[in-house]
Amino acid sequence: MTAILSADSLTIRFGGLAAVDKVSFEVQEREVYTIVGPNGAGKTTILNMISRINHPSEGRICFLGNDITEMPAYRIAGIGIARTFQNIELFEHASVLHNLLVGRHCKSRTNVLQELAFLPSVRKAEMVHREKIEEVMDFLDLQPYRDQYIANLPYGVRKIVELGRALCTEPKLLLLDEPASGLNVEETENVAFWIDDIKNDLGITILMVEHDMSLVSEVSDRVLAMNDGKMIAEGTSAEVQSDPEVLRAYLGA
Amino acid sequence: MRFVFKTSYNQDIQLFKHEGYWWSYGILFVVVATAPLYLGDFEIAELSQAMSFAVAGLGLMLLVGFTGQVSLGHAAFFGIGAYAQAWLLSVLPISFLVAMPIAAAMTGIIGLLLAIPLLRMTGIYLAIGTLALSIVLEQILKNWKSVTGGFDGKAVEPASIMGYQFNPDSWDFYYVSLAILILVLVICANLLRSPTGRAMVAVRDSEISARSMGVNVARTRITAFAISTAITGLGGALFAHKLQYLAPDGFNLIISITFLLMIVVGGLGSLQGAVLGALVVTLIPQAITVAKDYLPDAIAHQPGLEPGIFGLILVVFILYEPLGIYGRWRKLKLFFDIFPIYRKATFKRQKVFLKTERMR
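Quick mapping for you: the protein sequence lines, in order, are chains A and B. All letters in the first sequence, in the order written, are residues 642 to 894 by the working numbering. All letters in the second sequence, in the order written, are residues -16 to 343 by the working numbering.
Set out below in structure tokens:
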């Protein structure tokens, strides 16, 4: 077991507020690491810092041994970190296929001039992208929606499309921001199965933020609990759920 | 109802997705290619002009319709293309067909250089920035006498190949315009089916997720601006031959707004829309001229009647058919394609309830 991602005393301040305060953790290869905590605890902000949308005020982030704290956001997908968003950030006016193709963008090596003429090399690259996308579609059962526009799809399917788009980048680490929010019980169970499959069959490490404790305890190997930007407990799901600090944070006792 | 069975990846990549397209575009091509046989010289000349507008509109469509960046200054690039063409032909002994891509490339390079500071702005600020561009260029055209001829204007060398001189008001120039329009359409379609085109659409729909998918947003926007201006410049170069004589007030703000009207009326986010819009914009002034005979004098001789009607059409389209003429056509087609199960909500603009601003 080696650490795929490590965060070292990660801190971010918005004005005077420390949204994340000296948080350090390591995610091991091929595990599901979950961050839980009440609203405003700074969970999503941590994902945003890893995907370089927010810049940490202090601390370092290392991925596979390389410091990525200063890397521009658009290069993150290329080095193997993909993510989904809490509120679904799909391309609404495009088909499912098209959305997944955008997920392949970090793998494309053709330049604009070749593309304007649509040279055979571009066509060949497109074929390869499509082959990979077809695998992801089969994996997530997205075939029935292949050519449908996102605007026509129900919420639950959109969540899966977003997961698929992240998988199309062939990531080593997948950041999931509340994969079960807004889903019903049955859909949440499906998500749990897929998370297991992604970990075991595809060998992808998952860092997840989630509120649904049944899902958290079902899939997570380790859990980090946060409150007000600070770490309050780390361990297995059962350990964290019985931690007195965690109970106080959630119940205010 | 139509079922398209997909058996290879190539089918999705093809420009024509199934044989129905071959029929419909084939018939359209025959109708357009034989137009000089059944239309008079006046109509043919108008159509050639519409085609150079359509080329310029396609450039703007890539920027506004596909990348989501508004430009109110595309008349400037249309003008740069036109003057570059006239200037190239006056200083170099080259054919107009060789000069055109050079003029387009020059416009593209100017567009690229301007895009680097301009595209630090978005939305309304970008619109104002490009608006300023339109005004500044008009002054440059008026005052840079050695190149543009200033107020006196600049004559464009007639288009000719190996001694054969094209008449810009006749069928021969019509075919030149048609060929260039088709070429530009293919280039745009190629762009849209490859990674850069998809990145453009991604930037339009959600910048934040485009970035996390590995799209370099700043670079994509600048690329889109450069390609857009180059194509609009090519339209300008074609238009220069149509006009034969360039004057600085031919490329003012009104033209910029006309371009925008063109792509909104035609249908934002579709290449076909730019072409349809160009046709509409060319036909309206003719329709107004005809209508004037039937209107009372007080209205017919009102100054600003034409821009007024243009504005009215723009407002009506934005209110009642935001997808434009091509959008209406797509609805109609879908209705027949999936005949008994069409539902109105398919094209409805949806309210988004779950959206936060905290990622921005």
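Glycine included, every Cβ here is placed at the ideal spot set by N, Cα and C. Only a predicted model underlies this, so the values are computations on that prediction, with no experimental measurement involved.
### Query
Can you tell me whether R341 (chain B) is buried or exposed, with buried defined as 16 or more other CB within 10 angstroms of its CB?
At R341 (chain B) the pLDDT is 43, less than 50, meaning the model places this residue with poor confidence and gives no usable figure here.
### Query
Using a Cβ-Cβ distance under 8 angstroms, would L174 (chain B) count as near chain A?
yes
### Query
What's the gap between the Cα of V777 (chain A) and the Cα of V798 (chain A)?
14 angstroms
### Message
What would DSSP say about M867 (chain A), mapped onto helix, strand or coil?
### Response
strand
### Query
Roughly how many angstroms separate the alpha carbons of N740 (chain A) and T710 (chain A), rounded to a whole number?
28 angstroms
### Message
One question on the structure: do G219 (chain B) and F60 (chain B) come within less than 8 angstroms of each other, judged by their Cβ atoms?
### Response
yes
### Option in B:Y158, B:A257, B:L254 with minimal Cα separation from T17 (chain B)
B:Y158
### Message
For a test of the three-state rule: what should DSSP assign to A659 (chain A), helix, strand or coil?
### Response
strand
### Task
Tell me where the alpha helix (DSSP H) around T113 (chain B) begins and ends.
106 to 126
### Query
Is the CB of V198 (chain B) under 8 angstroms away from at least one CB in chain A?
yes
### Query
Mind listing which residues of the segment 795 to 811 of chain A have their C-beta closer than 9 angstroms to chain B's C-betas, in chain order?
Y796, E803, R806, A807, C809, T810
#### Entry: First through last residue of the alpha helix (DSSP H) which encompasses V198 (chain B)
First-last for V198 (chain B): undefined, no H or E at that position.
#### Entry: DSSP state of Q669 (chain A) mapped onto helix, strand, coil
strand
### Message
At the 8 angstroms Cβ level, is S858 (chain A) part of the contact set with chain B, yes or no?
### Response
no
### Message
On the DSSP letters alone, give me the boundaries of the alpha helix (DSSP H) that F300 (chain B) sits inside.
### Response
288 to 303
### Query
How about I237 (chain B) and L43 (chain B): do their beta carbons lie closer than 8 angstroms?
no
### Query
Going along chain B in order, which residues have a C-beta closer than 7 angstroms to the C-beta of M768 (chain A)?
Y(-8)
### Query
Taking just the CA atoms, how far does Q669 (chain A) sit from E875 (chain A)?
14 angstroms
### Query
Distance, Cα to Cα, A261 (chain B) vs I271 (chain B)?
16 angstroms
### Message
For H696 (chain A), tell me which candidate among A:R654, A:I836, A:N707 has the shortest Cα-Cα distance.
### Response
A:R654
### Message
Suppose contacts are defined by Cβ-Cβ distances below 8 angstroms. Is L865 (chain A) in contact with S692 (chain A) by that definition?
### Response
no
### Query
Under a Cβ-count criterion, where at least 16 other Cβ atoms within 10 Å of its own Cβ denotes burial, should K765 (chain A) be classed as buried or exposed?
exposed
### Query
Relative to chain A, which residues along the segment 200 to 218 of chain B have a C-beta separation below 8 angstroms, given in chain order?
V200, T206, I210
### Message
With distance defined between alpha-carbon atoms, name the residue in A:E733, A:S878, A:T725, A:E828 nearest to I676 (chain A).
### Response
A:S878
### Query
Under the three-state reduction of DSSP, which class applies to K334 (chain B): helix, strand or coil?
Low confidence applies here, because K334 (chain B) scores a pLDDT of 49, under 50, leaving its location unreliable and the question unanswered by this model.
### Query
Q52 (chain B): buried (16+ other C-beta within 10 angstroms of its C-beta) or exposed?
buried
### Task
Could you list which residues in chain B have their beta carbon closer than 8 angstroms to that of E776 (chain A), in chain order?
Residues of chain B passing the Cβ test: none, with the nearest at roughly 12 angstroms.
### Message
Quick check: V139 (chain B) and V38 (chain B), are their CB atoms within less than 8 angstroms of each other?
### Response
no
### Query
By how many angstroms is the C-alpha of P231 (chain B) removed from the C-alpha of S129 (chain B)?
14 angstroms
### Query
Alpha carbon to alpha carbon, what distance is there between E851 (chain A) and F(-1) (chain B)?
44 angstroms
### Query
Among A:D649, A:E699, A:S647, A:V753, which one has its Cα closest to the Cα of M183 (chain B)?
A:V753
#### Entry: Nearest residue (CA-CA) to D862 (chain A), options A:E830, A:K840, A:F726, A:L646
A:K840
### Query
So the alpha helix (DSSP H) L161 (chain B) belongs to, where does it begin and stop?
154 to 175
### Message
Taking 7 angstroms as the cut-off, is the C-beta of T212 (chain B) nearer than that to any heavy atom in the ligand ZN?
### Response
In terms of ligand content, the structure shown is empty, and the ligand ZN therefore cannot be addressed.
### Query
Within 10 angstroms of its Cβ, does V857 (chain A) collect 16 or more other Cβ (buried), or is it exposed?
buried
### Proximal chain B residues relative to A714 (chain A), where beta-carbon distance stays under 8 angstroms
R194, S195
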